[in-house]
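Colleague: The listed protein sequences correspond, in order, to chains A and B. Oh and the first sequence: position 239 is 267 in the working numbering, straight run, nothing missing. Oh and the second sequence: position 328 is 1570 in the working numbering, straight run, nothing missing. Positions of the beta carbon are idealized from the N, C-alpha and C atoms, including for glycine. What follows is a structure written as structure tokens; I'll ask about it next.
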Amino acid sequence: MRRITFQEALNEALMQEMERDSSVFVYGLDVTDHKRIFGSTKGLVERFGSERCFITPLSEDAMTGMGLGAAVNGLRPVHIHQRVDFLVLAMNQLLNMVSNYRYLSGGKVKVPMVIRAVVGRGWGQSAQHSKSLHSIFAHIPGLKVVLPTTPRDAKGLLISSIRDDNPVIFIEHRWLYFTSGEVPREPKPTPLEQGNILNTGEDITVVATSWMNVEALKAAEVLEKHGVSVEVVDPRTIAPLNDDLIIRSVKKTGHCIVADNDWVHCGFSGEIAARVAEKCFNELKSPVKRIGFAHAPCPTTRPLENKFYPNAIDIIRAVEEKLKLEPIDLSNEEFYSWENRFRGPF
Amino acid sequence: MKNSFFGVTKMDRTRLNIELYKKEYLIRKSEETIRKYYMDDEMKTPVHLSVGEEAIVSGVIQAMGKRDQVFGTYRNHGIYLAKTGETDKFFAELYGKKDGMGKGKAGSMHMFLPEENFMGSSAIVATVIPVAVGAAFANKYKKNKNLVFVFFGDGALEEGVFWESLNFACLKKLPIVFICEDNGLAIHAHIKDRQAFKSITDIVSKFGCNVFKSESTDAEVIYNLTVEAVKKQRRVNKPSFLHLKYYRYLEHVGVNQDFQYGYRSEEEFKKWFKVDPLKIQRRKLLKLGLIEKEIKELEKAIDEQVEKSVEFAKKSPFPGEEELLSDVYA
């Protein structure tokens, strides 16, 4: 199968869905400028015109409500934000309107809308360009929250999100845009509310979200060389959460680490820890371990930023602790340094 | 009164005013009925009654085309009743029953009825405005000529999202009519303590919006103003903004008068009550040649409709427990 990048996969999904369904439209700040949301909205305005792909005023709250009204009236809006942090300006619409609308109508209206938002990292993104906030959205009944990891899922999950009759918050990690993988040419939806096993293993389960799956896979690769078999489970949709794969995996391995691309306190990692405790307490051989951001705003300077984010080494060390292994010598291992690729500024 | 845009003949004018009076009377009667039964503590939902604003909602809604859509605030009873004319689902919702338009989940503050083109109402000031703008965007996108009417109070003018929404609607020349129902109060706070600007219509006109204003409590005046606004809107392809004043007779939330608390005077109420929308409209019907008996019959029919609906609502069952988790997702 041909290989394309995560960014190209997103672009292809939008192109094919807009082609298929004239009620789909794409809007947001910068969707038609020369950068095209890191390339993901490339070619849309040329192909579909400025009625179906347009920039907006800097009015996140109103533009979110606008999407809701358009969705209620039968369109399928895709609203794009270059950073998740900007969605905070739209929280009133998301939490008080978008999430409630169908319920309060007694089920008479549908709200098919997608909100794409990008998580920034590195090169000084600092405290206001680095948040993921997926746990906050996942806390609210009525919203669906999707975090693709692979290019294949970027395409398949975006297609499913656009076709879904509910509001979907679709969170994309900036660094994933550079990854490439096999992606079918045809518009093949990946079902929402189904996890995915990225690496099959027997000894320990790592449940990871978004970029942390890349770190978990690297950890699994290193540990494999030392005879440790790690199962990496990507839940993909965290709300509503189908935990079947996670529970099955932990029942098999007896150990669970959650590596979330977010803060730990009151976060999605706590939800997984609770479910694992509720559903496979008897199979657990050790307590669930949570790995996430340091409990601080994201700092700008590189040395502190490095300490802020968890990585593959943290996962490896956590695995060793759980399985009571001697620390592996990692001096010959090469870990990701995205500075070579992501030279900023955004 | 199918088509409200064209010349109004004498006969038409009588029929128009009967329609307007029926709307106003249905609202007043329904709200008075809520007041009558509210203390029984069976309608467990905060109510923001429409008593005093009947001319505005009746006049504006009378001017709406059949496929036009409307959005409102938590003070939505008037809109609901004027738009739908129905009271069974209305009272069932207030009683929290299965037969309510929201199966009891919406209550007073969120009632709407998409099948009658009442598309939404919200209990947080100004939050429904961008949603109405989005509905107007969709209508333009689908090229269907339907207008969207969105009601809000003077307090909404202080919310950022109002300006964001107005800006976008004017930028995109969307088919929307903004209706500011100005009662001069945000809960108990006077407009002079909240707004630095003196004239909202001056500011809004700078956005390229057609502006209209009135302090009339005559539904026919409001109707004619709305018809004029819609005609102009269709002609010049710009949104409209109607600034309409009224007096809220009762407390912000609840069913009682509240003059004893001193934030406003009963004198002011008395001044407005002299031009009470229903008094004006009833007197006008007599002038137009209706006899007292005809008006009484018309009122009696509405009285009966409302009382029947209350009975219906009381008898309707509560929603089953399965409803708690249904319709969270489609």
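#1: Using only the alpha-carbon positions, how far apart do Y1488(B) and E1508(B) sit?
#2: Once DSSP output is grouped into helix, strand and coil, what is the label at D272(A)?
#3: Counting only C-beta atoms, is P85(A) closer than 7 Å to chain B at any point?
#4: Roughly how many angstroms lie between the CA atoms of V52(A) and L72(A), to the nearest whole one?
#5: Can you tell me whether F1560(B) is buried or exposed? The criterion is at least 16 other CB atoms within 10 Å of its CB, across all chains shown.
#6: Which runs of the alpha helix (DSSP H) spanning at least 4 residues fall entirely within the region 1365-1430 of chain B, listed in chain order?
#7: Strictly by DSSP, which residues pair up with P105(A)?
#8: How is the beta strand (DSSP E) around V234(A) delimited, first residue to last?
#9: Confirm the yes/no value for this check: CB of E1284(B), any heavy atom of the ligand COA, distance under 6 Å.
#10: In the region 1269-1287 of chain B, which residues sit with their C-beta less than 9 Å from some C-beta in chain A, listed in chain order?
#11: Looking only at C-alpha atoms, which of D113(A), H162(A), V100(A) and T207(A) sits nearest to P179(A)?
#12: Would you say H1319(B) reaches chain A, if we count a Cβ-Cβ gap shorter than 7 Å as a contact?
#13: Which value, in whole angstroms, describes the spacing of the CA atoms of S189(A) and Y1383(B)?
#14: Rounding to the nearest angstrom, what Cα-Cα distance links Y1316(B) and K1347(B) in this structure?
#15: What does the alpha-carbon distance come out to for the pair D49(A) and R75(A)?
#16: Consult DSSP for R369(A) and reduce its assignment to one of helix, strand or coil.
#17: Could you please give me the residues that DSSP links to G209(A) through a beta bridge?
#18: Of all the residues that make up the region 139-170 of chain A, which are near chain B by a beta-carbon distance shorter than 7 Å?
#19: Could you give the distance in angstroms between the alpha-carbon of K70(A) and the alpha-carbon of A301(A)?
#20: Which two residues bound the contiguous beta strand (DSSP E) that contains C284(A)?
#21: Is S160(A) closer than 7 Å to V112(A) when the C-beta atoms are compared?
#22: Let me see if you follow: with CB-CB separation under 7 Å, is A267(A) close to chain B or not?
#23: Going by DSSP in three states, M1311(B) sits in which element: helix, strand or coil?
#24: Using only the alpha-carbon positions, how far apart do K1473(B) and R264(A) sit?
#25: A1348(B) touches chain A at which residues, Cβ-Cβ below 8 Å?
#26: Using C-beta distances below 7 Å, list every residue in its chain close to M1502(B), excluding the 5 sequence neighbours before and after it, in chain order.
#27: Our contact map puts D1569(B) next to R191(A) with C-beta atoms below 8 Å; I'd like the distance itself, whole angstroms only.
#28: Counting C-beta neighbours from all protein chains within 10 Å, is the total for P338(A) 16 or more, i.e. buried, or is it exposed?
#29: Give the secondary structure of S1363(B) by DSSP, where H, G and I count as helix, E and B as strand, and everything else as coil.
#30: Give the secondary structure of M1243(B) by DSSP, where H, G and I count as helix, E and B as strand, and everything else as coil.
#31: Looking at G1294(B): is its Cβ nearer than 7 Å to the Cβ of R1490(B)?
#32: If you run the structure through DSSP and keep just helix, strand and coil, what is D262(A)?
#33: Just the Cα atoms here: how many angstroms apart are P169(A) and L57(A)?
#34: Does DSSP classify I1533(B) as helix, strand or coil?
#35: Report the neighbours of L1413(B) on chain A: residues whose CB is nearer than 8 Å to its CB, in chain order.
#36: Which residues bound the beta strand (DSSP E) around K172(A)?
Modeller: Short version:
#1: 15 Å
#2: In the structure shown, the three-state DSSP call for D272(A) is helix.
#3: yes
#4: 12 Å
#5: exposed
#6: Considered as a whole, the region 1365-1430 of chain B harbours 1371-1383 and 1402-1413 as its complete alpha helix (DSSP H) runs of no fewer than 4 residues, in chain order.
#7: F53(A)
#8: I232 to A236
#9: With respect to small molecules bound, the structure shown includes none, and the ligand COA cannot be examined in it.
#10: none
#11: Selected option, being the one with the closest Cα: T207(A).
#12: no
#13: So the alpha carbons of these two residues sit roughly 21 Å apart.
#14: 14 Å
#15: Cα to Cα, the separation comes out at about 14 Å.
#16: Correct three-state label for R369(A): coil.
#17: I32(A)
#18: Only those residues of the region 139-170 of chain A whose C-beta falls short of 7 Å from the nearest C-beta of chain B are listed: P169 and G170.
#19: 40 Å
#20: Taken as a continuous stretch (DSSP letters only), the beta strand (DSSP E) holding C284(A) covers C284 to W291.
#21: Result yes, Cβ atoms of V112(A) and S160(A) sit closer than 7 Å.
#22: no
#23: Checking the sequence shown, residue 1311(B) turns out to be Gln, not Met. Collapsing the DSSP output to three states places Q1311(B) in a strand.
#24: 51 Å
#25: L132, S133 and G134
#26: Just to set this straight, residue 1502(B) is Gln in the shown sequence, not Met. Around Q1502(B): no qualifying Cβ.
#27: Actually they do not touch by this definition, with Cβ atoms about 19 Å apart.
#28: Per the 10 Å Cβ criterion, buried.
#29: Of the three classes helix, strand and coil, the one that applies to S1363(B) here is strand, per DSSP.
#30: For M1243(B), the predicted model reports a pLDDT of 42, less than 50, meaning its position is unreliable and no value from the coordinates is stated.
#31: yes
#32: Strand.
#33: 27 Å
#34: Of the three classes helix, strand and coil, the one that applies to I1533(B) here is coil, per DSSP.
#35: P85
#36: K172 to V174
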